[in-house]
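Structure first, then comments.
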Amino acid sequence: MDKQQAQQIIRDTFENSFDKQRFTKFILDFLNHFEEDTFIHRGYNIPDSYDEYISSWQRLGKFSDGENRIDILIVNLKKETSLEQARSRQRNFVAGYLQGKYGRSSEKEAALVAYVSPSKTDWRFSLVKMDISFKPRKDKTPKLVDEFTPARRWSFLVGANEKSHTAQSRLVNILANDKQAPTLEEIEKSFDIETVTKEFFLKYRELFLRTKEELDRVVKNDPKIKADFEAKGVDTVNFAKKLLGQIVFLYFLQKKGWFGVGRDDDWGTGSKHFLRKLFDKKHSDYKNFYNDILEPLFYEALRIDRSHDDGYYSRFDCKIPFLNGGLFDPIGNYDWVHTDIIIPDELFSNTRKTKEGDPGDGILDIFDRFNFTVKEDEPLEKEVAIDPELLGKAYEKFNAIRPDNYDKFRKALKSGKTGEENKFNKKFGVYYTPREIVHYMCRQSLINYLATELTDCHSRAGGNPVVSKEDLETLIHTGEQVSENEIAALIKEQNIKEGKQKTSGYKLQLSESIRRNAALIDEKLADITVCDPAVGSGAFPVGMMSEIVRARNVLSVFLNDNSRTAYEFKRRCIEHSLYGVDIDPGAVEIAKLRLWLSLVVDEDNIKNIKPLPNLDYKIVCGNSLLGVEKDLFNNELFNELER
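Start counting the sequence shown at 8; every next residue gets the next number (this note's numbering).
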């Protein structure tokens, strides 16, 4: 088929609610062929540890690329929120299937899966893949045995609320090739998130340049604005950076349905395309989009607490949440009320064709084409979408661009020479730490912290260590992967005690010392203090919070407390455990944004959204390399630190 036909098939499949017949047709076109071999499982055929999340699942068929076996599955979820929040459960459920744990299934290398919410409006198209390594047998004979490592999942979030631009760009070549079936390696490459991130960043950079130059024209043509900016120390480079950051942040948040909520409606029921609706004058008329709509949204609606009226904002006739953060303070505290910054509406949306032939090259046009997810990627879980880590990557790329070197930066870009723009970062020492390194650092730091804290408990109590370091490593490295097994094993143990069954096929995999001391370990995790003296855009505190929450979730299996949630773990961590310092105020703001977004993803209170934690005294702008002199007022603090 030609490329246009392939793109239309993707739009029909991925821009609509889930339809089994349409999905089956897409898979047939995507793989060129597959062996139909259908069976459906419900209720008792779903393992106990997944029963809370999965209502039914079925296999549509089987496919082989000659070396790898790939099954096609549909997994129906029980709750709407499970699609976004129970990701590890979804991944591990299919991993169990691929390992041949569920009845008639045998071991497979991968599966293409449709994870479908109860309403079918939103769903995920995922590739779940097992990595198989080999190790010597324990009896040291030459024969090797298979060893499965944790499954990895790559997903497109699709459905009636999503655009399919990203899916089209990644899947169209395989779909259009109806002469040769794809290999597993080719399918995996089509789910590559880095290609999508790079494409978005190049568009983002173009928008930054255009926004800055439009602002230059506004300032040049309006003496009042020029005088106000000069008096407040506002420049168009940083204004453009902040404006794009504000809009991107709202693109993440509108995914929660928190904007445009009816006065008597629950939070979460608002439009997921709120900014586009504002531009289209669905909530308020205007003469200029930035001056009449965005400025009041940023500096009034989002900045002022209206909890006394349940967040209702009369200008837009809807509820808007109060966001407690410096992102929505006017840059330099410029006088937004009495100055008219008339940025052309065409900068935000227009009908000009892009280089790729897409209609519209404005800020909203570009952002609307991409999928945004509030959840940051993890080593085993990747969304083929724009996640909050982009804020950090954009900071790394743009932080070195200052008013005094902007023209040189523009010239470097025009030269077309690879790496020219990166030279600007060297002067300011701005480099983004790769996610894999952050992940490793956080896990090792957490293991060493727990080992030290629990050794201190052992020293005070005498006798053997409370929990060995090896057991802690197992908890941190593989606890999430075995948590479903632990739940099932405990249920079976209880059933045996009550005489409901005689034997169990499940065995607890975490050590007895972890289970016995779960409350103590959880207490140490809740009370941890983490400080990053060069916090940058927040990669380390965000990564550390993720590891703490993951470990505490695992420990919940052994603690009889139904009130324990990921949201409460994150809020506790942000309010009591995480600190950071950086010399760059822009980096500090981005670090705060990423922490807030990581909390927002798990907020499910549809009646009353809690204000975001105030991080002004926790993530701060300063120089951690400068010494502090002792004086009459801080001498006791130094004495306490020295003790």
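Backbone N, C-alpha and C define an ideal beta-carbon position, used for all residues, glycine too.
Shown here, V542 sits in coil according to DSSP, grouped into three states, outside any helix or strand.
In the three-state reduction of the DSSP assignment, L398 falls in the helix class, which pools H, G and I. Note on I311: under 16 other CB atoms within 10 angstroms of its CB, so exposed under the neighbour-count rule. By the CB criterion at 8 Å, L164 and R217 fall outside the cutoff. DSSP lists I393 as the beta-bridge partner residues of F379. V241 sits in coil when the DSSP states are folded into three classes, being neither helix nor strand.
Under a 10 Å Cβ-count criterion, K326 is classified as buried, with 16 or more other Cβ atoms of the shown protein chains found around its own Cβ.
Cα atoms of D287 and V135: separation of roughly 39 Å, rounded to the nearest angstrom. Contact check for A158 against A121 fails: the beta carbons are separated by 8 Å or more. The residues W265, W274, G318, P328, E610, in chain order, have a CB closer than 8 Å to that of I616 in the same chain once the five nearest residues on each side in sequence are set aside. Cβ-Cβ distances below 8 Å link N524 to L461, V473, V474 in the same chain, with the five nearest sequence neighbours on each side left out; the list follows chain order. Nearest in C-alpha terms to H345, of all of Q488, K531, D299, is D299. Taking R376 as the centre and dropping the five residues before and after it, the same chain places the C-beta of K170, H172, D365 closer than 7 Å to its C-beta, in chain order. The segment 243-253 makes contact with the segment 203-219; the number of CB pairs closer than 8 Å reaches 3 or more.
For C628 and F565, the gap between their C-alpha atoms comes out near 40 Å. Nearest C-alpha to K599 among L398, R409, E390: L398. In the structure shown, Q15 falls within a helical segment according to DSSP collapsed to helix, strand and coil.
In the structure shown, the three-state DSSP call for A525 is helix.
For D36, the uninterrupted alpha helix (DSSP H) segment begins and ends at 27-38.
The C-alpha of E493 lies about 8 Å from the C-alpha of Y513.
A contact between stretches requires three or more CB pairs, one per stretch, nearer than 8 Å, and the segment 69-79 meets this requirement with the segment 32-45.
Take Y586, set aside five residues on each side of it, and the residues of its chain with a beta-carbon closer than 6 Å to its own are C538, K625, in chain order. Counting only runs of 4 or more residues that sit fully inside the segment 584-610, the alpha helix (DSSP H) segments are 592-607, in chain order. Between the beta-carbon of Y402 and that of I254 there is about 15 Å, and that puts the pair past the 8 Å contact cut.
Here the C-alpha atom of S197 lies approximately 11 Å from the C-alpha atom of T190. In this structure, DSSP gives D55 a helical state, which the three-state scheme calls helix.
Spatial neighbours of E302 in its own chain (CB-CB distance under 6 Å, excluding positions within 5 residues in sequence) are listed in chain order as W343. Q501 is classed as exposed because its beta carbon has fewer than 16 other beta carbons within 10 Å across all chains shown. Judged by beta-carbon spacing, F547 lies beyond the 8 Å limit of C464, meaning their Cβ atoms are not closer than that value. Straight-line measurement puts the Cα of F30 at about 21 Å from the Cα of Y104.
The alpha-carbon of I349 is positioned some 10 Å away from that of V226.
Spatial neighbours of A495 in its own chain (CB-CB distance under 8 Å, excluding positions within 5 residues in sequence) are listed in chain order as P54, D55, S56, Y513. Annotation for S584: I535, T536, V537 place their beta carbon closer than 7 Å to its own, counting only its chain and skipping 5 residues before and after. For K32 against I77, the beta-carbon gap comes to about 18 Å, at or over 8 Å, which does not count as contact. For A121, no alpha helix (DSSP H) segment is defined; the enclosing uninterrupted segment is the beta strand (DSSP E) at 117-123. In the DSSP assignment, D478 falls within the unbroken alpha helix (DSSP H) covering 476-504.
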